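*Asks:* Residue numbers (this note's numbering): 1 to 287.
Cβ atoms here follow ideal geometry from the backbone N, Cα and C, with glycine treated the same way.
Quantities reported herein were computed from a predicted structural model and do not represent experimental measurements.
Just dropping this structure here.
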């Protein structure tokens, strides 16, 4: 993995760390080349959940890690969170409704079966959004199973969706269910912020930034904006990250910045010439 950093200071440095220049930090989520990214979870009590977000007028899938609670298996917990809770990031959303019943199982052939009640589909979606909603489930189920070790993430992973125990249901009136489905790699967000998560409060000092891009050869431009006493947000640091091209890294990148206490917004986008496209943002604070 390589990282390039060019720091700009468009606002006051008062209280900032004396050496805020980003440093290379190795590591990042493991990616299964055959199935799109199957990130490993950073803590045993957190499950990966995918949401839908918009960037440049297009809808993509983005992922958050959420706290795990209850005695259900990780796949069921992740899907229940996806269908019944709101994303941490206000830029994301889910069209799913809380189901009356939800059960999951995993076979020895890397097939995840999800059985959900039909009330979960009680949203009026067009065909494109219906496809994304179904893929949101496929991504969440496969990521939760892989990160918890229930399936082999190095092999092809498929998800079968049953509705009230039956095949043949038409999800949101558009997508036929019942046959094994794999991830559609074209629907995952081109670039997204993994850490920090939305709304977290971090200790002052070194703050590690983790992200991922689907295009390892395309630099990612990042900015950190700091909120001043009047609530105005000004560019505090910026730079570029070059995602990893190493096998198994799948476009992961990571860097560290020094931040003093305050409120910040992290913004990332893929560079295309001099312009920036497909961006993601994250709001967090440093105490």
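With DSSP as the reference, label residue 206 as helix, strand or coil.
*Replies:* Correct three-state label for residue 206: strand.
*Asks:* In angstroms with no decimal places, state the Cα-to-Cα distance between residue 137 and residue 76.
*Replies:* Each residue's alpha carbon lies about 11 angstroms from the other.
*Asks:* Could you give the first and the last residue of the continuous alpha helix (DSSP H) run that contains residue 138?
*Replies:* Element bounds for residue 138: 127 to 147.
*Asks:* Take the Cβ of residue 231 as the centre, count every other Cβ of all protein chains shown within 10 Å, and call the residue buried at 16 or more, exposed below.
*Replies:* Classification of residue 231: exposed, given that the 10 Å Cβ count is below 16.
*Asks:* To which residues of the same chain is residue 168 closer than 8 angstroms at the C-beta, ignoring the five residues directly before and after it?
*Replies:* Hits under 8 angstroms: 176, 177 and 178.
*Asks:* Tell me the rounded alpha-carbon separation between residue 64 and residue 166.
*Replies:* Their backbone Cα atoms lie some 30 angstroms apart in a straight line.
*Asks:* What is the rounded straight-line gap between the Cα of residue 27 and the Cα of residue 88?
*Replies:* Only weak support is given to the placement of residue 27: the predicted model assigns it a pLDDT of 33, under 50, and the question is left unresolved by the model.
*Asks:* To the nearest angstrom, how far is it from the Cα of residue 62 to the Cα of residue 210?
*Replies:* The alpha-carbon atoms of residue 62 and residue 210 are separated by roughly 14 angstroms.
*Asks:* Name the residue from 46, 281, 214 and 55 whose alpha carbon lies nearest to the alpha carbon of residue 199.
*Replies:* Comparing Cα positions, the closest option is 281.
*Asks:* Which residues does DSSP pair with residue 212 in a beta bridge?
*Replies:* Paired residue(s): 192 and 252.
*Asks:* Can we say the stretch 201 to 220 touches the stretch 67 to 83, given the rule of at least three CB pairs closer than 8 angstroms?
*Replies:* Segments in contact, no.
*Asks:* If we count the other Cβ atoms within 10 Å of its Cβ and call it buried at 16 or more, is residue 234 buried or exposed?
*Replies:* Exposed.
*Asks:* What does a CB cutoff of less than 8 angstroms around residue 92 pick up in its chain, not counting 5 residues either side in sequence?
*Replies:* Cβ within range, chain order: 51, 52, 53, 62 and 64.
*Asks:* Measuring CA to CA, which of 253, 243, 254 and 285 is closest to residue 262?
*Replies:* Comparing Cα-Cα distances from residue 262 to each of 253, 243, 254 and 285, the minimum goes to 285.
*Asks:* Kindly indicate which three-state DSSP category residue 48 falls into: helix, strand or coil?
*Replies:* In this structure, residue 48 counts as strand in the three-state DSSP scheme.
*Asks:* Determine the direct distance from the alpha carbon of residue 111 to that of residue 283, and round the result to whole angstroms.
*Replies:* Approximately 37 angstroms, taken between the alpha carbons.
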